[in-house]
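K.L.:
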Amino acid sequence: MNNNLKIINQILRSNEFYRIISNKSISIRFNSSTTQFENRNILQEKDRGLIVGIFPNKNDQFDKLMSSGVQSVYCGFDPTAASLHIGNLIAIIMLIHCQRRGHNPIALIGSATALIGDPSGKIYDRMILDSSEIVTNSNRIQKNILKIFQNHEEFIWNRNHQIPLPKLKILNNIKWYENMNIIKFMSLYGKHLRMGDLLSRKQIETRIKSKEGINYTEFSYQLFQAFDWLHLVENHNCTIQIGGNDQTGNIKTGHELISKLKPEKRIFGLTLPIITSEKGDKLGKSAGNAVWLENDMFSAFDFYQFFYNTSDQMVETYLKLFTFLPNNEIDDLMFKHRKNPEKFLAQRKLASETTILVHGETGLDSAIKCTNAFFHSDRESLAKMTEKEIESAFKGASVVTLTMAPEMSVLECVVKANCFKSIEEAAKIIQAGGFRINGTMITNPQEALIYGQHILPNNITIIRV
Numbered sequence: 457m458n459n460n461l462k463i464i465n466q467i468l469r470s471n472e473f474y475r476i477i478s479n480k481s482i483s484i485r486f487n488s489s490t491t492q493f494e495n496r497n498i499l500q501e502k503d504r505g506l507i508v509g510i511f512p513n514k515n516d517q518f519d520k521l522m523s524s525g526v527q528s529v530y531c532g533f534d535p536t537a538a539s540l541h542i543g544n545l546i547a548i549i550m551l552i553h554c555q556r557r558g559h560n561p562i563a564l565i566g567s568a569t570a571l572i573g574d575p576s577g578k579i580y581d582r583m584i585l586d587s588s589e590i591v592t593n594s595n596r597i598q599k600n601i602l603k604i605f606q607n608h609e610e611f612i613w614n615r616n617h618q619i620p621l622p623k624l625k626i627l628n629n630i631k632w633y634e635n636m637n638i639i640k641f642m643s644l645y646g647k648h649l650r651m652g653d654l655l656s657r658k659q660i661e662t663r664i665k666s667k668e669g670i671n672y673t674e675f676s677y678q679l680f681q682a683f684d685w686l687h688l689v690e691n692h693n694c695t696i697q698i699g700g701n702d703q704t705g706n707i708k709t710g711h712e713l714i715s716k717l718k719p720e721k722r723i724f725g726l727t728l729p730i731i732t733s734e735k736g737d738k739l740g741k742s743a744g745n746a747v748w749l750e751n752d753m754f755s756a757f758d759f760y761q762f763f764y765n766t767s768d769q770m771v772e773t774y775l776k777l778f779t780f781l782p783n784n785e786i787d788d789l790m791f792k793h794r795k796n797p798e799k800f801l802a803q804r805k806l807a808s809e810t811t812i813l814v815h816g817e818t819g820l821d822s823a824i825k826c827t828n829a830f831f832h833s834d835r836e837s838l839a840k841m842t843e844k845e846i847e848s849a850f851k852g853a854s855v856v857t858l859t860m861a862p863e864m865s866v867l868e869c870v871v872k873a874n875c876f877k878s879i880e881e882a883a884k885i886i887q888a889g890g891f892r893i894n895g896t897m898i899t900n901p902q903e904a905l906i907y908g909q910h911i912l913p914n915n916i917t918i919i920r921v
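Offset between the sequence shown (1-based) and our numbering: plus 456.
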């Protein structure tokens, strides 16, 4: 295990100087504005449905913690895939809500814990990635999280605010595990956790009762996550951990360890909703239906369309979960939407706000351009599309490259492109109005192709039958 950890750390060292400089600027910039955030209590996000549980369930003590000053809040992200997905996006959004209330957000990349495997939500052993893949995933996820925070500040926060936000810290737990002695680790920390408590965790109970059972490595995962929190308490005064509702057991274990070693510390865990389909199925990597946050795995257009296609029953919930629109603005929007549901006002706003958060202004512009071209036959948008955008918008369509001869007819073109089984079928369907070029119906098979009309300035022709 140590060899794997050292390999990963060799890559991460290159970012060390940047992190040190960033961390120094955090305290300078934040301390200058500590009095300018009006309501620091992050439990207010319960009204949006973002918080489904608090541990321990002592709201009055949590309120006291909030009123005592700035807190540090963390969430962990294990790099088990090349991208985060919208389930992780909820956690990132919650971290940003904490940041918007003046608290210090910490994103913890779990390169070390990814080598162990979290049993939560699994009925079989996790496939452990090799160290080189974890390095690649860690670097991609770090950039992804940073980009989302930057997009929020540039395109959302700065719309209505002048106050600078506390800076994000991105840490990696490989830093404190790479040289740790396993005997010392178990003797110092393992002895504080009771087997009865560990076995009672839902994720452990479920796995033990399953056909596959659970291996010791995954069983021990909760100790490592507990130590992560302890390390953050000791080194970053991190009093709050957030995670999906399936992380309740791991959060409890962390709370128990810290309560025994640092009894003077008031610490809390907040759990967030698990994103599911309308049928109740979990959306994510394991389910095979993940909505990825990286453009090369799920394009900005596909991302925009996912949220644009949200049902009327779910759109208000998603506006509260996935956007930073004030509740009163969401209420006004839903009132207008219900009066004219055919205009999709709520879905359009949801898609725009989520896409600019994840993909930035350029990604949103591209998604809208592709949407107009694909669904509204907007020739101007079609003409501006790049080859990559066309591949994304017209996914699954056949692509044919032709050399256009002078005065080539529509019929000649479609025959060469193999759009029809025969010339006779082509002529019949075209004359019947079942054929479009760049969104325009063509009924004359002998019509000559004209550059700028049938052939767009980007040398692309979109044919639909």
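C-beta: ideal position from N, C-alpha, C; glycine also.
Spatial neighbours of T673 within its chain, please: C-beta separation below 8 Å, excluding the five flanking residues on both sides.
P.N.:
The residues are I572, G573.
K.L.:
Would the beta-carbon of V747 fall within 7 Å of that of H541?
P.N.:
yes
K.L.:
Decide if H559 is buried, meaning its Cβ has at least 16 other Cβ atoms within 10 Å, or exposed.
P.N.:
buried
K.L.:
Quick check on the DSSP output: the alpha helix (DSSP H) that includes Y922 runs from which residue to which?
P.N.:
Because the chain in this structure spans residues 457 to 921, residue 922 falls outside the shown range and cannot be described.
K.L.:
If I measure Cβ to Cβ from Q887 and keep anything under 7 Å in the same chain, skipping five residues before and after, which residues do I get?
P.N.:
T899, P901
K.L.:
Do L402 and P561 have their CB atoms nearer than 7 Å?
P.N.:
The shown model of the chain, from 457 to 921, leaves out residue 402, and the question about it has no answer.
K.L.:
Is there a C-beta anywhere in chain D that falls below 7 Å from the one on A538?
P.N.:
No chain D is present in this structure, which holds just one protein chain.
K.L.:
Please confirm if the stretch 872 to 887 is in contact with the stretch 907 to 916, defined as three or more CB-CB distances below 8 Å between the two stretches.
P.N.:
no
K.L.:
Between the C-alpha atoms of I548 and G652, what's the straight-line distance to the nearest angstrom?
P.N.:
33 Å
K.L.:
Which residues in the same chain as E734 place their Cβ atom closer than 8 Å to its Cβ, once the five residues preceding and following it in sequence are excluded?
P.N.:
Taking E734 as the centre and dropping the five residues before and after it, the same chain places the C-beta of S767, Q769, M770 closer than 8 Å to its C-beta, in chain order.
K.L.:
Alpha carbon to alpha carbon, how far is G705 from K667? Give it in angstroms, no decimals.
P.N.:
21 Å
K.L.:
Assuming R722 contacts L551 (C-beta within less than 8 Å), just tell me the rounded distance between them.
P.N.:
Contact doesn't hold; Cβ gap of about 20 Å is too wide.
K.L.:
What does a CB cutoff of less than 8 Å around L686 pick up in its chain, not counting 5 residues either side in sequence?
P.N.:
Y645, G710, L713, I714, L717, K718
K.L.:
Would L726 pass as a contact of I510 if the rule is Cβ separation under 7 Å?
P.N.:
Yes, the Cβ-Cβ distance between L726 and I510 is below 7 Å.
K.L.:
Taking only three categories from DSSP, how would you classify S767?
P.N.:
DSSP places S767 in coil when its eight states are reduced to three.
K.L.:
Of the residues E609, R596, A537, L627, which one's Cα is nearest the Cα of I531?
P.N.:
Sequence check: residue 531 is Cys here, not Ile. Among E609, R596, A537, L627, the Cα nearest to that of C531 belongs to L627.
K.L.:
L564 bridges to which residues according to DSSP?
P.N.:
L564 has G532, L627 as its beta-bridge partners, per DSSP.
K.L.:
To the nearest angstrom, how far is the alpha carbon of E843 from that of S822?
P.N.:
Rounded to the nearest whole angstrom, the C-alpha separation of E843 and S822 is 12 Å.
K.L.:
Comparing C-alpha positions only, which one of F641, I612, I696 sits nearest to G816?
P.N.:
Ranking the options by Cα distance to G816, first place goes to I612.
K.L.:
Put C554 into one of helix, strand or coil per three-state DSSP.
P.N.:
helix
K.L.:
Under three-state DSSP, which class holds Q697?
P.N.:
strand
K.L.:
Within this structure, are the beta carbons of N855 and L749 separated by less than 7 Å?
P.N.:
According to the sequence provided, residue 855 is Val. The question's Asn does not apply to it. Result no, Cβ atoms of V855 and L749 do not sit closer than 7 Å.
K.L.:
Could you tell me which whole beta strand (DSSP E) segments of length 3 or greater appear in the stretch 743 to 817?
P.N.:
With a minimum length of 3 residues, no continuous beta strand (DSSP E) run stays inside the stretch 743 to 817.
K.L.:
I need the straight-line Cα distance from K502 to L621, nearest angstrom please.
P.N.:
22 Å
K.L.:
Taking only the alpha-carbon atoms, compute the straight-line gap between R892 and R920 and give it to the nearest angstrom.
P.N.:
Distance between the alpha carbons of R892 and R920: 5 Å.
K.L.:
Put T917 into one of helix, strand or coil per three-state DSSP.
P.N.:
It is coil, neither helix nor strand.
K.L.:
Taking the straight line between their C-alpha atoms, what separation do you get for F675 and F641?
P.N.:
16 Å
K.L.:
Between G566 and the rest of its own chain, which residues show a CB-CB distance below 6 Å, the 5 nearest in sequence each way excluded?
P.N.:
Answer for G566: G532, D534, N629, listed in chain order.
K.L.:
Using DSSP's beta-bridge definition, name the partner residues of A904.
P.N.:
S865
K.L.:
Give me the Cα-Cα distance between I664 and I670, rounded to the nearest whole angstrom.
P.N.:
6 Å
K.L.:
When burial is assigned at 16 or more other CB atoms within 10 Å of the CB, is I477 buried or exposed?
P.N.:
Legend: pLDDT at I477 = 28, less than 50; position of this residue unreliable, value from coordinates given subsequently. So I477 counts as exposed.
K.L.:
Rounded to whole angstroms, how far is the Cβ of T695 from the Cβ of Q517, which I believe are closer than 8 Å?
P.N.:
Their Cβ separation, rounded to whole angstroms, is 11 Å, which puts T695 and Q517 out of contact at 8 Å.
K.L.:
Considering only the beta carbon of each residue, do Q500 and P575 sit closer than 7 Å?
P.N.:
no
K.L.:
Kindly indicate which three-state DSSP category I612 falls into: helix, strand or coil?
P.N.:
Shown here, I612 sits in a helix according to DSSP, grouped into three states.
K.L.:
Pull up the CB-CB distance for R557 and N495, whole angstroms please, since I reckon it's below 8 Å.
P.N.:
7 Å
K.L.:
Alpha carbon to alpha carbon, how far is P512 from T536?
P.N.:
29 Å
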